[in-house]
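Chemist:
There are 2 protein chains.
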Amino acid sequence: MRTDYCGNINASYIGQEVTLTGWVNRRRDLGGVIFLDLRDRQGIVQVVYDPDLAEVFEQANKVRNEFCVQIQGLVRPRPEGQVNREMSTGEIEILGKGLTVLNKAAPLPLDFNQENSEEQRLKYRYLDLRRPLMTQRLMFRAKVTGAVRRYLENEGFLDIETPILTKATPEGARDYLVPSRTHKGEFFALPQSPQLFKQLLMMSGMDRYYQIVKCFRDEDLRADRQPEFTQIDIETSFLDADGVMAITEGMIRSLFKELLHVELGDFPRMTYAEAMQRFGSDKPDLRNPLELVDVADLVKNVEFKVFSGPANDSKGRVTVIKVPGGASLSRKQLDDYGNFVGIYGAKGLAWLKVNDKAAGLDGLQSPILKFLGEEVASALLERTGAQSGDILLFGADNKTVVTEALGALRLKLGEDLGLLQGDWRPLWVVDFPMFEEADGQLHALHHPFTSPRDLSAEQLAADPQNAVSNAYDMVLNGVELGGGSVRIHDQAMQAEVFRILGISDEEAQLKFGFLLEALRYGAPPHAGLAFGLDRMVMLMTGATSIRDVMAFPKTTTAACPLTDAPSPANPDALRELAIQTVKPAE
Amino acid sequence: MRTDYCGNINASYIGQEVTLTGWVNRRRDLGGVIFLDLRDRQGIVQVVYDPDLAEVFEQANKVRNEFCVQIQGLVRPRPEGQVNREMSTGEIEILGKGLTVLNKAAPLPLDFNQENSEEQRLKYRYLDLRRPLMTQRLMFRAKVTGAVRRYLENEGFLDIETPILTKATPEGARDYLVPSRTHKGEFFALPQSPQLFKQLLMMSGMDRYYQIVKCFRDEDLRADRQPEFTQIDIETSFLDADGVMAITEGMIRSLFKELLHVELGDFPRMTYAEAMQRFGSDKPDLRNPLELVDVADLVKNVEFKVFSGPANDSKGRVTVIKVPGGASLSRKQLDDYGNFVGIYGAKGLAWLKVNDKAAGLDGLQSPILKFLGEEVASALLERTGAQSGDILLFGADNKTVVTEALGALRLKLGEDLGLLQGDWRPLWVVDFPMFEEADGQLHALHHPFTSPRDLSAEQLAADPQNAVSNAYDMVLNGVELGGGSVRIHDQAMQAEVFRILGISDEEAQLKFGFLLEALRYGAPPHAGLAFGLDRMVMLMTGATSIRDVMAFPKTTTAACPLTDAPSPANPDALRELAIQTVKPAE
Chain A
663 MRTDYCGNIN ASYIGQEVTL TGWVNRRRDL GGVIFLDLRD RQGIVQVVYD
713 PDLAEVFEQA NKVRNEFCVQ IQGLVRPRPE GQVNREMSTG EIEILGKGLT
763 VLNKAAPLPL DFNQENSEEQ RLKYRYLDLR RPLMTQRLMF RAKVTGAVRR
813 YLENEGFLDI ETPILTKATP EGARDYLVPS RTHKGEFFAL PQSPQLFKQL
863 LMMSGMDRYY QIVKCFRDED LRADRQPEFT QIDIETSFLD ADGVMAITEG
913 MIRSLFKELL HVELGDFPRM TYAEAMQRFG SDKPDLRNPL ELVDVADLVK
963 NVEFKVFSGP ANDSKGRVTV IKVPGGASLS RKQLDDYGNF VGIYGAKGLA
1013 WLKVNDKAAG LDGLQSPILK FLGEEVASAL LERTGAQSGD ILLFGADNKT
1063 VVTEALGALR LKLGEDLGLL QGDWRPLWVV DFPMFEEADG QLHALHHPFT
1113 SPRDLSAEQL AADPQNAVSN AYDMVLNGVE LGGGSVRIHD QAMQAEVFRI
1163 LGISDEEAQL KFGFLLEALR YGAPPHAGLA FGLDRMVMLM TGATSIRDVM
1213 AFPKTTTAAC PLTDAPSPAN PDALRELAIQ TVKPAE
Chain B
663 MRTDYCGNIN ASYIGQEVTL TGWVNRRRDL GGVIFLDLRD RQGIVQVVYD
713 PDLAEVFEQA NKVRNEFCVQ IQGLVRPRPE GQVNREMSTG EIEILGKGLT
763 VLNKAAPLPL DFNQENSEEQ RLKYRYLDLR RPLMTQRLMF RAKVTGAVRR
813 YLENEGFLDI ETPILTKATP EGARDYLVPS RTHKGEFFAL PQSPQLFKQL
863 LMMSGMDRYY QIVKCFRDED LRADRQPEFT QIDIETSFLD ADGVMAITEG
913 MIRSLFKELL HVELGDFPRM TYAEAMQRFG SDKPDLRNPL ELVDVADLVK
963 NVEFKVFSGP ANDSKGRVTV IKVPGGASLS RKQLDDYGNF VGIYGAKGLA
1013 WLKVNDKAAG LDGLQSPILK FLGEEVASAL LERTGAQSGD ILLFGADNKT
1063 VVTEALGALR LKLGEDLGLL QGDWRPLWVV DFPMFEEADG QLHALHHPFT
1113 SPRDLSAEQL AADPQNAVSN AYDMVLNGVE LGGGSVRIHD QAMQAEVFRI
1163 LGISDEEAQL KFGFLLEALR YGAPPHAGLA FGLDRMVMLM TGATSIRDVM
1213 AFPKTTTAAC PLTDAPSPAN PDALRELAIQ TVKPAE
């Protein structure tokens, strides 16, 4: 029905007759000549209808925005002065010689020229996706998955599908459940990840597995969460952490080069401990030059208990962010930042402005200056390298509160003050602790199948608190692109980790019996990683929500305004499944 | 941890030191020398351990089948007489110089040298998949999906993901339901296909969509059905049936050429009517030379009511299969075939043997010969081209019974008698009826979004029974590889089809309101097709069940013996979902 895409027509077509199909992006009547901007997924081209061709002109006169049409015409240069260098088709226009309306369009319920509510956009998603920005994002996403597949298949990875109807998985979030009709009273769970299946595939000798796969979590949704999301899931045998990191780093590097023409270079590596200390985050945004500088040793003896308390407590932390030029922050701004760190449990935000460094104490300004004294103040300036015009912002509390609060404050300052440097700053974060403690129980920081680093099962059992895991996260611009680990392939080690996590032998058998069994038959050393595809595409396209890079996302209450899902079920269907709905307790 | 795959080592490596990892496929002690067959996914290589190297020999002596090991050694030619041309590694062996046990293996619960029960194979799937045949099938499947993606992406198709948590779809099978926690009392359905979403993507201007996607049907399982299966799902805008058929035929052709080195040539097309008449099936296996030859006109006036009844009834059918050489079929065999057609409702199987064509009536043998008489008998021989030694098998009843019964008999005869000719016989079946009648109501033969061929909504309404749809099925060796259609893009036509199907306006609004709404805004002409990936890979690998080309299939009662899914749910989880299980009525 067409000879080419609208968006492909350029000066090289001049003098050719073309047939195009698409949607009327805009129709204008200028001085008795009708201009149609015809749109398809590749772009927009201008078609001109002259009154000389009376019949076709009449046709063109009747079409309206978003009519689906087929046009014939002659490609010619645009008249002098009408060339638009911004558009790939901007040097030419098409003299329309034919026009067939393929389908009419009622006036749209969405106005493309203004912001529409999320609810409206999702209800009329098929129209929202016609917007070139949205079309391009989905096209870009398809390019990403294509490039990822090519890269991994070149590296010998096999695309293998794992089940969607499966058993509850141990990722810790809530599962979506699916009642079984043939085994009444029992349920499948939708996978939170194919973790155990990909490990089993390694035990079956598949050697290198990948899958671009839907995963499911029934969580209360935040802006960047969806009930179903997509992972680039990878697992290899006979490779250590460095091997997996090299392959996956290469994948991301080639993706950025191929699709964004960006050379990412080698990714630096940073330990978890360093990331938390310098950036207050296990996914530091390295575009942000601000750092947390620890000063507990300098304030151990000051009279100010807010500082000296944590400074003398092994579980406390006293740290400073130096903001270059921050001395100009207003009282109001500082109060707002004080409230901001309050969200993270900080009781306030002490500050010290360096108005004139040369003037000594007189050049400093701070409500707590009197508690610090000249010696401490000058040590602080020296430690942080503060210059005239800078401000120091303090965090002093227990380690967790200070790290979280000042880590968040660092990000906010970077954004508010426009401090970000560079476009793309990837890194690896490594050497995570195996476990974190909460409510008197150790929990896996990654998941219970993560191997410790350089420890036997006995050594791990002896001192689990200080065990470092063989896990690695890839971070880009403060976003965790993906994470993975070397897995446990030794049955005794796996059983020990379950014990440390407080999982009884009985529970381990019930939930993971098949894994423990599988580990008895020559499981190979294996390791892997999973990337969040939605986030990756969001970052690469500059979108601000993963919803904007998914074709049919759900709302924040996990509903689909387009199809009206979820919806009440047919009572016969529920009877067959042997379940019934109950009125929830208020 | 290795320098190459085991299966890759060949004569070109002679003289090289290699490091390999894999599983001990077999360990033999022959004359004081230990032979290990080392296996990875690429193949098996022989490693020889000499007692000269005492320490390593001792190590090798201790390994057992399925231990996971790393070996070092020198590639050398096999001694004269030990070369195995069947194996890619059969010209060489490796003189073992090192051996590290990476993981021990307990004796396997599966014996690779015998048939294991389906239940055992699925329970220990990770071991079953180590069998080279199974490994190769999964590797082949990955090659198929890779080749499909490359082909479609070259043709401009975009890989776009559609939701798994969605609304009940109209394919007619039972849906899997997923209770919503945030909208208590309501349910998502898992998609039986992305049909409506892919149509919506066309309305959003995506132009060419594909997805290799999981679909779900909660049906009672037969040998070739699974609760979750995989479709190669395709949709295009601005292409007619011929256009879609050309692209998808090209895809299958290139797949067979690339992966099996088979040239399929152009696919013939056959109407549904011809397929049913000549082969008694809408998915004829053209490798089978037997055909149904209609003879109602010849037997209208015979005394034998079993023939003359249907022959004079417009809803009846009398047809014959001529089996070359079939006169040698025994009475017992003919009785068995009589019972076989009984499954399809046929009341018996009349037959006529041509023992000696030259001898006239005397050369024929049949219990019904006396009813036919010489003239009819000789007309039947002429019509069917029967020769001495052949047999004619008759079907006479209403059209449906005869067509189904003799269609099935044809397949069974072809298999029993080894009549199949040629390896690969693809074709297109086209011109299906729009509707079929059952219980006094018209039902869609494909689905309610299929466009009629060359009819307006008014014309369709006037005579729906005789409407032909714009649908097409791709059939290979008697298996439906895929099917599709031109879709309805006109709202009035879609509403009319719903009416013909007895769907009330209210029900149409409730179920398909969003589709009808979407058709108001310039929906483009569009068409598509979906292939069953599992079946395609099954055919191409010569497997006999789709379970053998899936990594983790379910049993025929839709359970997973490996993970023990489905399983009872946590009561707290059910409470949160506001559902409870009920004891099913006996």
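Protein chains in written order, with this note's numbering: chain A, 663 to 1248; chain B, 663 to 1248.
The beta carbon of each residue, even a glycine, is placed where N, CA and C say it ideally should be.
Exposed or buried, what is Q888 of chain A when buried is set at 16 or more other beta-carbons lying within 10 Å of its beta-carbon?
Modeler: Buried, by the Cβ-count rule.
Chemist: If you count every other CB in all the chains shown that lies within 10 Å of the CB of I676 of chain B, and 16 or more means buried, which is it?
Modeler: Burial call: exposed.
Chemist: In chain order, what residues of the same chain lie with their CB nearer than 7 Å to the CB of K977 of chain A, ignoring the 5 residues before and after it?
Modeler: The residues are N1060 and K1061.
Chemist: Please state whether the Cβ-Cβ distance between T683 of chain B and S1118 of chain A is less than 9 Å.
Modeler: No, they are not a contact pair.
Chemist: What is the DSSP secondary structure of R740 of chain B, counted as helix, strand or coil?
Modeler: Coil.
Chemist: Taking the C-alpha atoms as reference points, what is the distance between R915 of chain A and L926 of chain A?
Modeler: Their backbone Cα atoms lie some 6 Å apart in a straight line.
Chemist: For the ligand GTP, is there any heavy atom lying closer than 8 Å to the beta carbon of K1009 of chain B?
Modeler: The ligand GTP is not part of the structure shown, which contains no ligands of any sort.
Chemist: Ordered along the chain, which non-local residues of its own chain (more than five positions away) have a Cβ less than 6 Å from that of P1215 of chain B?
Modeler: These residues qualify, in order along the chain: Q888 and R1209.
Chemist: Would you mind stating whether Q782 of chain A and R1149 of chain A have Cβ atoms separated by less than 9 Å?
Modeler: Cβ distance not < 9 Å, so Q782 of chain A and R1149 of chain A don't count as in contact.
Chemist: Run through DSSP, which three-state label would K876 of chain A get?
Modeler: In the structure shown, K876 of chain A sits in a strand (DSSP, three-state: E or B).
Chemist: Could you name the residues of chain B that S1229 of chain A contacts, counting a contact when the two beta carbons are closer than 8 Å?
Modeler: Simply K829, A830, E848 and F849.
Chemist: Going by C-alpha to C-alpha distance, which of B:L1082, B:F1002, B:L1236 and B:P930 sits closest to V1137 of chain B?
Modeler: Comparing Cα-Cα distances from V1137 of chain B to each of B:L1082, B:F1002, B:L1236 and B:P930, the minimum goes to B:P930.
Chemist: Taking only beta-carbon atoms, is I826 of chain B less than 9 Å away from chain A?
Modeler: Judged by the 9 Å Cβ criterion, I826 of chain B is in contact with chain A.
Chemist: Let me make sure I understand the geometry here. Which of B:W1086, B:D1101 and B:G1102 has the alpha-carbon closest to that of T1203 of chain B?
Modeler: That would be B:W1086, whose Cα lies nearest to the Cα of T1203 of chain B.
Chemist: Quick one: which chain B residues come within Cβ less than 8 Å of I1030 of chain A?
Modeler: Chain B residues near I1030 of chain A: none, gap ~47 Å exceeds 8 Å.
Chemist: Using a Cβ cut-off of 8 Å, pull out every chain A residue sitting near G808 of chain B, in sequence order please.
Modeler: Going along chain A in sequence order, the residues near G808 of chain B (Cβ under 8 Å) are R811, E815 and D821.
Chemist: Can you name, in chain order, every residue of its own chain whose Cβ lies under 6 Å from the Cβ of L1195 of chain B, other than the five neighbours on each side?
Modeler: Once the five neighbours on either side are set aside, the close Cβ partners of L1195 of chain B are T892 and I894.
Chemist: Could you check the C-alpha separation between M1200 of chain B and A1106 of chain B for me, to the nearest Å?
Modeler: Answer to the nearest angstrom: the Cα atoms are 28 Å apart.
Chemist: So does the region 1224-1234 of chain A actually touch the region 1165-1176 of chain A, counting three or more Cβ pairs closer than 8 Å?
Modeler: Too few Cβ pairs lie closer than 8 Å, so no.
Chemist: Where are the alpha helix (DSSP H) runs, 4 residues long or more, that stay fully inside the region 838-921 of chain A, in chain order?
Modeler: 857-865, all fully within the region 838-921 of chain A.
Chemist: Leaving out the 5 sequence neighbours to the left and right, which residues in its chain are closer than 8 Å to L770 of chain A when beta-carbon positions are compared?
Modeler: Once the five neighbours on either side are set aside, the close Cβ partners of L770 of chain A are N727, E728, Y786 and L789.
Chemist: Rounded to whole angstroms, what is the Cα-Cα separation between A935 of chain A and P1126 of chain A?
Modeler: Straight-line Cα distance between these residues: approximately 17 Å.
Chemist: Give every residue of the same chain whose Cβ lies closer than 7 Å to the Cβ of D1018 of chain B, excluding the five residues on either side of it in the sequence, and list them in chain order.
Modeler: Cβ within range, chain order: G1025 and S1050.
Chemist: Could you give the residue range of the alpha helix (DSSP H) that holds E1037 of chain B?
Modeler: Unbroken alpha helix (DSSP H) run through E1037 of chain B: L1031 to T1046.
Chemist: Is the distance from the Cβ of L1143 of chain A to the Cβ of F1176 of chain A below 9 Å?
Modeler: Their beta carbons are not under 9 Å apart, which means L1143 of chain A does not touch F1176 of chain A by this criterion.
Chemist: Between L948 of chain A and I983 of chain A, is the Cβ-Cβ spacing less than 9 Å?
Modeler: For L948 of chain A and I983 of chain A, no; Cβs fall outside 9 Å.
Chemist: Do L917 of chain A and I909 of chain A have their C-beta atoms closer together than 9 Å?
Modeler: No, the Cβ-Cβ distance between L917 of chain A and I909 of chain A is not below 9 Å.
Chemist: With 16 other CB atoms within 10 Å as the buried threshold, where does P1114 of chain B fall?
Modeler: Buried: at least 16 other Cβ atoms inside 10 Å.
Chemist: Am I right that I733 of chain A and G760 of chain A are in contact with their C-beta atoms under 8 Å? What's the rounded C-beta distance?
Modeler: That belief holds up - the Cβ atoms of I733 of chain A and G760 of chain A are roughly 6 Å apart, short of 8 Å.
Chemist: Listed from N- to C-terminal order along the chain, which residues in the region 736-768 of chain A have their beta-carbon within a distance smaller than 8 Å of any beta-carbon of chain B?
Modeler: Hits within the stretch, in order: L764, N765, K766, A767 and A768.
Chemist: So if DSSP puts F929 of chain A in a beta bridge, which residue, or which two residues, is it bridged to?
Modeler: For F929 of chain A, which the question treats as bridged, DSSP gives no partner whatsoever.
Chemist: For P713 of chain A, which of A:I1162, A:G694, A:L827 and A:G1047 has the nearest alpha-carbon?
Modeler: Taking only the C-alpha atoms, the option nearest P713 of chain A is A:G694.
Chemist: Tell me, to the nearest whole angstrom, how far the beta carbon of E815 of chain A is from that of G808 of chain B; I am working on the premise that it is less than 8 Å.
Modeler: 5 Å between Cβ atoms; contact.
Chemist: Is the separation between the beta-carbon of F966 of chain A and that of I1053 of chain A shorter than 9 Å?
Modeler: Against a cut-off of 9 Å, the Cβ pair of I1053 of chain A and F966 of chain A comes out as no contact.
Chemist: For V840 of chain A and chain B, any beta-carbon pair shorter than 9 Å?
Modeler: Taking Cβ atoms only, chain B reaches closer than 9 Å to V840 of chain A, which makes this a yes.
Chemist: For a contact meaning CB atoms closer than 8 Å, what does V906 of chain A contact in chain B?
Modeler: Under the 8 Å cutoff, chain B gives no residues; its nearest Cβ is about 12 Å from V906 of chain A.
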